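Heads up: the structure comes next, in structure tokens.
2 protein chains.
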Amino acid sequence: MMAQDEEQEVKTQLYDQFALIGKALGSARRLELIDLLSQSEYTVEKLAEESNMSVANTSQHLKTLRAARLVDVRREGVVAYYRLSDEAVFQTWQMIRDLGEACIAEIEWLTGRLFQDRDHQRLIPFAELLTMLEEASVSVVDVRPQREFEAGHIQGACSIPLKELPSRLPEIDKDKEVVVYCRGPYSTLADKAAKTLMAKGYSVRQLEQGFPEWRTQGLPIGSGLELIPTS
Amino acid sequence: MMAQDEEQEVKTQLYDQFALIGKALGSARRLELIDLLSQSEYTVEKLAEESNMSVANTSQHLKTLRAARLVDVRREGVVAYYRLSDEAVFQTWQMIRDLGEACIAEIEWLTGRLFQDRDHQRLIPFAELLTMLEEASVSVVDVRPQREFEAGHIQGACSIPLKELPSRLPEIDKDKEVVVYCRGPYSTLADKAAKTLMAKGYSVRQLEQGFPEWRTQGLPIGSGLELIPTS
DNA sequence: CAAATACTTTATTGATCAATTGAATAACCA
DNA sequence: TGGTTATTCAATTGATCAATAAAGTATTTG
């Protein structure tokens, strides 16, 4: 049997390794990066742009995420594409979000403020969308940036990035009910889209959660730029 | 609708809050405390003792855990009893462990070393113990310290802390199969108990996981010092 | 009631570590 | 070669950690 102090030594190293993961999760900037990478792979530059950081700083943070094995990198020529190394990374981030919402009153208050003018009537859970999809009585609109749509989306959805929404309204059938969705619980893209659509007279619902949550529940997804919804 | 920069401000504060949780998880010492508190509530002094830290240092770490709302404190006179504020805290720690085992080769190697002389033949999953319990053909022995047993244990188990095991062997029926368990995947208490028991000629199996994992799966638990196993 | 005791928290210090920026470097491509 | 993308480096500032010493707080004792 292993010596007592050798065992202690190994355990210390084990906890140090786990703490590396914790440390990687212990920065608001890095959590923001993880949240973005939950949508799709990203280049350093795009990540920097989306998160309002300098490229150098983004690269540094990605380095610590890589050291903790939370992200992988793939290089194409001069461009580096980062992605989460495992679906479990998103799930851990989701777990931390849930934990925060459960235990930290501050967080509940902040989300309340973020969505102060959201009409909670229009929110629907995944289950409801699934039955609507069976009845084919609905247009699902993904309002995230196109690269995120291409990396994966709810099966049957079409991509109309929020920025293009005003000019692409004609593509949306006014007779069907519209369901919009975006990145997840702290993204306001879908709220803005819903507001725009409602002002134009559409009948709009909004998914409670975003694509990564859909994916992690094993619900049907599509990828690429399929224009014809899978039946 | 909320102004663009006000939204940015709120989001930053949200991520800062989540990062607080991450930071709290980003220290080997604090993870060790969380692991202990997953078993039962503990006083500062006992935690310091179990984790080989000074009381002052332990108190500091508990303070940051409390700031992140991961632990709660209850005072009885001069004594402070700490506990996890929610089962989700343990589950998050469990998630990080799983993530580490999945992504970090170092961790796999370290656990391999920690259990180098474990006979994996004797390990059984929860499901198997459940069927054995139905057949009533088994003695389940909890070898954790007694306070942890009292705070919660597998229903039907009896408490024989590892330290007392040699002197309490007569209490264990030699005709039944014995199943030992302890704190979880990185605890060696059950391994040591199994070794002692096997040397004395008992037929021993060992649970793959510990009590917190049993509890979080909603399996039947008991608490206090019940001497007669619930039927 | 004051003094002593037991348990816990806070303050201080010095050392180490982390975050950000801007400049420099490296790698690739056209 | 010049331009683009990413990483590294150096430097500043701020945060964190562990250890010791000091201070609080409730309980018990003389």
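Those sequence lines, one after another, are chains Z and E. 1 is the number of the first residue of the first sequence in the numbering used here; add one for each residue after it. 1001 is the number of the first residue of the second sequence in the numbering used here; add one for each residue after it. Positions of the beta carbon are idealized from the N, C-alpha and C atoms, including for glycine. Here the structure is a predicted model, which is why all the values come from computation and not from measurement.
Within chain E, no residue has its CB atom less than 9 Å from the CB of Z:A3, the nearest being about 12 Å off. Interface with chain E (8 Å Cβ-Cβ cutoff): Z:C103 is included. Of the candidates E:Q1017, E:A1019, E:G1210, E:G1026, the residue whose Cα lies closest to the Cα of E:I1124 is E:G1210. For Z:F90, no Cβ of chain E is located within less than 8 Å of the residue's own Cβ. Residue state for E:E1177 is assigned as strand, using DSSP reduced to three classes. A distance below 7 Å between beta-carbons, with the five flanking residues on each side excluded, links Z:C182 to the following residues of its chain, in chain order: V143, R144, L189, A190, G210. Z:T131 is classed as exposed because its beta carbon has fewer than 16 other beta carbons within 10 Å across all chains shown. Annotation: Z:Q155 to Z:R118 spans about 26 Å, alpha carbon to alpha carbon. Sorting Z:L33, Z:A19, Z:A136, Z:V89 by C-alpha distance to the C-alpha of Z:K176 places Z:A136 at the top. Taking 8 Å as the threshold, the shortest C-beta distance from E:D1086 to chain Z falls below it. With a contact defined as Cβ atoms closer than 8 Å, Z:A80 and Z:V44 qualify at about 6 Å. Here Z:E49 is exposed, its C-beta having fewer than 16 other C-beta atoms within 10 Å.
Counted as a single uninterrupted DSSP element, the alpha helix (DSSP H) harbouring E:Y1015 occupies residues 1004-1024. E:V1204 and E:P1161 have their C-alpha atoms spaced approximately 16 Å apart. DSSP, reduced to helix, strand and coil, places Z:R183 outside both helices and strands of the structure shown, so it counts as coil. Against chain Z, the beta carbon of E:T1188 has neighbours under 7 Å at E7, listed in chain order. For Z:V44, no CB of chain E lies under 8 Å from its own CB, so it is not counted at the interface with that chain. Its Cα nearest to that of Z:Y82, the residue Z:L33 stands out among Z:L33, Z:F126, Z:T111, Z:W93. From the listed residues E:Q1121, E:P1166, E:I1221, the smallest Cα separation to E:L1207 is found for E:Q1121. DSSP links Z:D142 through a beta bridge to Z:S159, Z:Y181.
Listed in chain order, the alpha helix (DSSP H) elements of length 4 or more contained wholly in the region 1050-1118 of chain E are 1055-1067, 1087-1103, 1105-1114.
Among the residues of the region 12-24 of chain Z, those with a Cβ less than 9 Å away from any Cβ of chain E are T12, Q13, L14, Y15, D16, Q17, F18, A19, L20, I21, G22, K23, A24, in the order of the chain. Annotated three-state conformation of E:Q1206 is strand, per DSSP. Under the 10 Å beta carbon count, E:K1200 is surrounded by fewer than 16 other beta carbons and is classified as exposed.
Neighbourhood of E:Q1121 in chain Z, by CB distance below 7 Å: empty, with the nearest CB roughly 17 Å away. Chain-order list of chain Z residues neighbouring E:L1110: V10, Q13, L14, Q17, by C-beta distance under 8 Å.
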